[in-house]
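Q: First the structure, which I've put down as structure tokens, then a few questions once you've had a look.
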Amino acid sequence: LLRLGIPDFKLDKDIVQRRVDQMAAEGVTFRTGVYVGGDELPADRLVNEFDAVVLSGGSTVPRDLQVPGRELQGVHYAMEFLVQQNKINAGETIPTGKRISAEGKRVVILGGGDTGSDCLGTSHRQGAEAVYQYELLTEPPTERASDNPWPYWPVVLRTSLSQEEGVIPGFGIMTTHLSGNSGHVKKLHAVKVQWGAPDESGRPQMQKIEGSEFDVEVDLVLLAMGFLCPEPTGLLAELGVKLDARGNVSNDDDKMTSVPGVFVAGDMARGQSLVVWAIAEGREAARGVDQYLMGQTSLPRVLAGALPRA
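Residue numbering for the sequence shown follows the numbering used here, starting at 1088 and increasing by one per position.
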């Protein structure tokens, strides 16, 4: 993710390479281009050859847009767009027919999070004509609400650096369908929505606002609506690790999965989250591995649970 998923204008790859070089100097062996869980390195061989295994492959199944017209050309997942640009920045050549470019195009980004902002900044740098960013949820308040006190994460409106560069924003917008010409997307059709009180399950109820339908001309649609879970087939299925209700890998306080000697860290365990959480979980998994292999550990516990009382 750090190498290919985050744009250069947000994270200089020299910083990533410096840490990779440091780990290599400390004795870590890196093997790239290996399909783990397939014929090249099946799961049973992995657990038999190594005393401990840490799963840290991230949450890779993207949330899709289930509407008519999704199959049209010009509709892409955000990571397809971002990864390709990072590869180009690194000197890789992308064939013209496979290139996803925002140059001179009207772009709609669906999703108001960090990934959406990364798509926004990248679209600007590619020379997009106009960029819209639509979010399904209601626009957050500019100040903390009374039911959102410290130390909880402040649910307030934030403007990213990419958004400061220019964007046509929209909150409370749901895409109803896409339409096109000659197999390529040309319009995004949407309706405004409002959110009501939670139902019995605790989930807020969404209602369409009558008469609020609209459409926007578009050449490129980028889906930045988050990720559901790690890929359940392949390695996870071969290992037989237990998954939770959301499809993430279940684990105990030491980050060990249901398979002895197999640990998990980052988005594979907690679902889509932040890099800082992945770092913390990696350290916690390292502690668990040390405890498992040595019978004791002097490494500190990073994820200690609830905040200490004052």
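Just so it is clear, CB atoms sit at the ideal spot from N, CA and C, and this is done for glycine as well.
When the Cα of valine 1278 is compared with those of Met1312, Lys1295 and Leu1315, which residue comes out closest?
A: Distance check between valine 1278 and each of Met1312, Lys1295 and Leu1315 places Lys1295 closest, using alpha-carbon atoms only.
Q: Helix, strand or coil for serine 1249? Go by DSSP, reduced to three states.
A: helix
Q: If I follow the unbroken beta strand (DSSP E) through leucine 1098, where does it start and stop?
A: For leucine 1098, no beta strand (DSSP E) segment is defined, and its DSSP state is neither H nor E.
Q: Note down the Cα distance separating glycine 1375 from aspartate 1302, rounded to an integer number of angstroms.
A: If you take the alpha carbons of glycine 1375 and aspartate 1302, they lie about 52 Å apart.
Q: Is the beta carbon of leucine 1307 less than 9 Å from the beta carbon of glycine 1156?
A: no
Q: CA-CA distance, serine 1299 and leucine 1197?
A: Going from the Cα of serine 1299 to the Cα of leucine 1197 covers about 18 Å.
Q: Inspect the beta-carbon positions of serine 1143 and glycine 1334 and report whether they are closer than 9 Å.
A: no
Q: According to DSSP, lysine 1274 sits in a beta bridge with which residue or residues?
A: Ser1266 and Glu1304
Q: With 16 other CB atoms within 10 Å as the buried threshold, where does arginine 1396 fall?
A: For arginine 1396, the predicted structure reports a pLDDT of 43, less than 50, and the residue's modelled location is therefore unreliable. A value from the coordinates is still provided. Classification of arginine 1396: exposed, given that the 10 Å Cβ count is below 16.
Q: Taking the straight line between their C-alpha atoms, what separation do you get for valine 1148 and glutamate 1297?
A: Taking the straight line joining both Cα atoms gives about 33 Å.
Q: Would serine 1146 be called buried (16 or more neighbouring beta carbons within 10 Å of its own) or exposed?
A: buried
Q: What's the gap between the Cα of leucine 1330 and the Cα of glutamate 1158?
A: Approximately 30 Å between the Cα atoms of the pair.
Q: Quick one: grab the DSSP three-state call for valine 1351.
A: strand
Q: In whole angstroms, what is the alpha-carbon distance linking isoleucine 1187 and serine 1204?
A: 17 Å
Q: Residues bridged to proline 1285 by DSSP?
A: Pro1291
Q: Quick check: what's the CA-CA separation for serine 1233 versus proline 1241?
A: 11 Å
Q: Looking only at its chain, what residues have a beta carbon closer than 7 Å to the beta carbon of glycine 1270, apart from the 5 residues adjacent to it on each side?
A: Leu1159 and Gln1160
Q: Identify every residue that forms a DSSP beta bridge with leucine 1244.
A: Under DSSP, leucine 1244 takes part in no beta bridge, so it has no partner.
Q: Is tyrosine 1122 helix, strand or coil by DSSP?
A: coil
Q: What three-state label does DSSP hand arginine 1193 in the structure shown?
A: Arginine 1193 falls in the strand class under three-state DSSP.
Q: CA-CA distance, proline 1236 and proline 1228?
A: 14 Å
Q: Quick check: what's the CA-CA separation for phenylalanine 1168 versus phenylalanine 1137?
A: 36 Å
Q: How far does the beta strand (DSSP E) with aspartate 1169 in it reach, from first residue to last?
A: It should be pointed out that residue 1169 corresponds to leucine in this sequence rather than to aspartate. Going by DSSP, leucine 1169 is part of no beta strand (DSSP E) but of the alpha helix (DSSP H) stretching over 1165-1176.
Q: Glutamate 1222: buried (16+ other C-beta within 10 angstroms of its C-beta) or exposed?
A: buried
Q: What residues are listed by DSSP as bridge partners for methionine 1381?
A: Note: methionine 1381 sits in no beta bridge, so no partner.
Q: For arginine 1150, collect the residues of the same chain with a Cβ closer than 6 Å to its Cβ; drop the 5 residues on either side in sequence, then sort them by chain order.
A: Met1312, Gly1313 and Leu1315
Q: Short of 6 Å in beta carbon distance, which residues of its chain neighbour tryptophan 1282, apart from the five on each side in sequence? Order them along the chain.
A: Thr1225, Pro1291 and Met1293
Q: Less than 9 Å between the beta carbons of arginine 1090 and valine 1103, yes or no?
A: yes
Q: Please report how far the alpha carbon of histidine 1163 lies from the alpha carbon of leucine 1310, in whole angstroms.
A: Each residue's alpha carbon lies about 6 Å from the other.
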